[in-house]
Amino acid sequence: MHNANEIRSTPCPECKICGSPGIPTYKDLPDRLFSSPGLWNLSKCSNSECGLMWLDPMPLEEDIYKAYRSYYTHGDKSGGTPSLEARITKALVPIFQLFMRLTPIHRERVDIEQMFLGNIVPGRVLEVGCGDGTMLSRLADLGWSVEGQEVDPISATIAAKANITIHLGSLVSLNLPEASYDAIVMNHVIEHVHDPVKLLAECQRLLKPGGILVAVTPNIRSFAHRAFHSNWRDLDPPRHVMIHCRNSLHPVAEKAGFASIKIRTVSAKASSIYRSLQLKYENKYPKVPMIALCYAGTLLFMVLAWLAQRKDPDSGEECLMILKKLV
Ligand SMILES: [Zn+2]
Numbered sequence: 000m001h002n003a004n005e006i007r008s009t010p011c012p013e014c015k016i017c018g019s020p021g022i023p024t025y026k027d028l029p030d031r032l033f034s035s036p037g038l039w040n041l042s043k044c045s046n047s048e049c050g051l052m053w054l055d056p057m058p059l060e061e062d063i064y065k066a067y068r069s070y071y072t073h074g075d076k077s078g079g080t081p082s083l084e085a086r087i088t089k090a091l092v093p094i095f096q097l098f099m100r101l102t103p104i105h106r107e108r109v110d111i112e113q114m115f116l117g118n119i120v121p122g123r124v125l126e127v128g129c130g131d132g133t134m135l136s137r138l139a140d141l142g143w144s145v146e147g148q149e150v151d152p153i154s155a156t157i158a159a160k161a162n163i164t165i166h167l168g169s170l171v172s173l174n175l176p177e178a179s180y181d182a183i184v185m186n187h188v189i190e191h192v193h194d195p196v197k198l199l200a201e202c203q204r205l206l207k208p209g210g211i212l213v214a215v216t217p218n219i220r221s222f223a224h225r226a227f228h229s230n231w232r233d234l235d236p237p238r239h240v241m242i243h244c245r246n247s248l249h250p251v252a253e254k255a256g257f258a259s260i261k262i263r264t265v266s267a268k269a270s271s272i273y274r275s276l277q278l279k280y281e282n283k284y285p286k287v288p289m290i291a292l293c294y295a296g297t298l299l300f301m302v303l304a305w306l307a308q309r310k311d312p313d314s315g316e317e318c319l320m321i322l323k324k325l326v
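The numbering of the sequence shown is numbering that gives the first Met the number 0, which starts it at 0 and goes up by one.
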């Protein structure tokens, strides 16, 4: 009998995208963000045309829910006295945002916060892995008729409180009616799934002819990963089972049957860099100055990442896929 909290795993020596052998890259990484049990190894695909990174051994699909027991989408955002940290963060965020508006990254941040749906005629949109519904509320404000899918009942309850229609269960098992949506969005979902082709193929089925899928996922080739290595927040073991780059995503989109495939990288988001700085320097400085330093560091780092991406277009912090179903 195994320990009930243990996340069981299975060896995964070969790349699930191209079949090439993996090169062991990180060893014995704990879950530093949400403290689930286990130590995890990551391997990188030996095929330079692919570049995927994955967990080897890989958590069993039926056990992975154990890695989400204290996940942040479960946080109750109301009630209780906020901590000193929370109050300082609240004061610093508007300053950070003001400075951010002065950078050339601002426009792209607005686009990504609307999942690039801001400039097209609103219709019916489904968000896969909608969490507490924050993104869908934003899209509803733009005129979209919104629905969400979520596997986690706690997040789904929070989203349902905001009057958003939620489909509870895995997307494939829900078997929603085909050709139902003008757009499907996925924000940081693909890296969590064991079979990305199956997920994207289901999205393709659910889209109306001419409909688009917009998906954002961390980029393993990012400037921040190269800078922070094992402290890079988006390694996130054991929740991120596969971490992609532009090259590894292309065959996934192709096998899923999309007619038009556009994949590029973007450097617009800060969350990963902020958390990476915290992971690198935690316990080295007192908490309160650390918060201010992390915000200042994030701002500086994002501008550097943006500049780096001008030189190397593949080095953005996230991969952005815009996939279209044939009309
Ligand atoms: Zn590969």
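All residues carry an ideal CB built from backbone N, CA and C; glycine is no exception.
Distance CB(C244)-CB(N218) smaller than 7 Å: Locating residue 244 in the sequence shown gives position 245, counting from the first residue. Locating residue 218 in the sequence shown gives position 219, counting from the first residue. Going by C-beta atoms, C244 is nearer than 7 Å to N218.
Pair within 7 Å by beta-carbon distance, P237 and I6: Taking the sequence shown and counting its residues from 1, the one referred to as residue 237 is at position 238. Taking the sequence shown and counting its residues from 1, the one referred to as residue 6 is at position 7. In contact: P237 and I6 (Cβ atoms closer than 7 Å).
The region 225-237 touching the region 267-277, judged by at least three CB pairs closer than 8 Å: Below 8 Å, enough C-beta pairs join the region 225-237 and the region 267-277 to call them touching: three or more.
Three-way DSSP call (helix, strand, coil) for E316 in this model: For the purposes of this step, residue 316 is taken as residue 317 along the sequence shown, with counting starting at 1. Residue state, collapsed to three classes: coil.
As assigned by DSSP and simplified to three states, the class of C293: Counting from 1 along the sequence shown, the entry for residue 293 is found at position 294. Residue state for C293 is assigned as helix, using DSSP reduced to three classes.
Boundaries (first-last residue) of the beta strand (DSSP E) holding E126: Here the question's residue 126 lines up with position 127 in the sequence shown. Where E126 is concerned, the enclosing beta strand (DSSP E) stretches over 123-127.
Nonlocal neighbours in the same chain, by C-beta distance under 6 Å from S266, ignoring five residues either side: In the sequence shown, counting from the first residue as 1, residue 266 sits at position 267. Result list for S266: A304, W305, Q308, G315, E316, in chain order.
Selected residue, minimal CA-CA separation from S179, among H193, K207, T24, E190: As a working mapping, residue 179 is identified with position 180 in the sequence shown. Ranking the options by Cα distance to S179, first place goes to K207.
Closer than 6 Å: S42 CB and nearest ligand 1 heavy atom: As a working note, residue 42 is residue 43 in the sequence shown. Checking every heavy atom of ligand 1 against the Cβ of S42, none is found closer than 6 Å.
Cross-strand partners of A182 (DSSP beta bridge): Within the sequence shown, residue 182 is the residue found at index 183, counting from 1. Paired residue(s): V124, I211.
Bridge partner(s) assigned by DSSP for I265: Along the sequence shown, one-based indexing puts residue 265 at 266. This sequence places Val at residue 265; Ile is not what is there. Answer is E317, bridged to V265.
N46 Cβ short of 6 Å to ligand 1 heavy atom set: Reading the sequence shown from its first residue, position 47 is the one you call residue 46. Yes, since a heavy atom of ligand 1 falls inside the 6 Å radius drawn around the Cβ of N46.
Ligand 1 heavy atom lying under 6 Å from the CB of L51: What you label residue 51 is simply residue 52 of the sequence shown in a count that begins at 1. Within the chosen limit of 6 Å, ligand 1 reaches the beta carbon of L51 through at least one heavy atom.
Three CB pairs or more closer than 8 Å across the region 167-185 and the region 118-126: yes
Beta carbon of M134 nearer than 7 Å to that of L248: Position 135 of the sequence shown, counted from the start, is the residue given in the question as residue 134. Position 249 of the sequence shown, counted from the start, is the residue given in the question as residue 248. The answer is no: Cβ separation not under 7 Å.
Where K160 falls, given that 16 or more other Cβ within 10 Å makes a residue buried: Translated into the one-based positions of the sequence shown, residue 160 becomes position 161. By the neighbour-count rule (16 or more Cβ atoms within 10 Å), K160 is not buried but exposed.
Residue of V92, V240, P81, D233 minimising C-alpha distance to P10: As a position in the sequence shown, residue 10 is number 11, starting the count at 1. Nearest option by C-alpha distance: V240.
Option in S34, L234, L116 with minimal Cα separation from L51: As a first step, residue 51 is located in the sequence shown; it is residue number 52 there, counting from the start. Distances from the alpha-carbon of L51 to those of S34, L234, L116 put L234 closest.
Y294 versus K89 - alpha carbon distance: Position 295 of the sequence shown, counting from 1, holds the residue named residue 294. Position 90 of the sequence shown, counting from 1, holds the residue named residue 89. Taking the straight line joining both Cα atoms gives about 12 Å.
Enclosing beta strand (DSSP E) for Q148 [first to last residue]: Position 149 of the sequence shown, counting from 1, holds the residue named residue 148. Unbroken beta strand (DSSP E) run through Q148: 144-149.
Extent of the continuous alpha helix (DSSP H) to which D140 belongs: To locate residue 140, count along the sequence shown from 1; it is residue 141. D140 -> alpha helix (DSSP H) spans 133-140.
Cβ neighbours of F222 in the same chain (closer than 6 Å, five flanking residues each side left out): Residue mapping note: residue 222 aligns to position 223 of the sequence shown, counting from 1. If we look at F222 and ignore the five residues flanking it on each side, its Cβ neighbours are A304, A307, S314.
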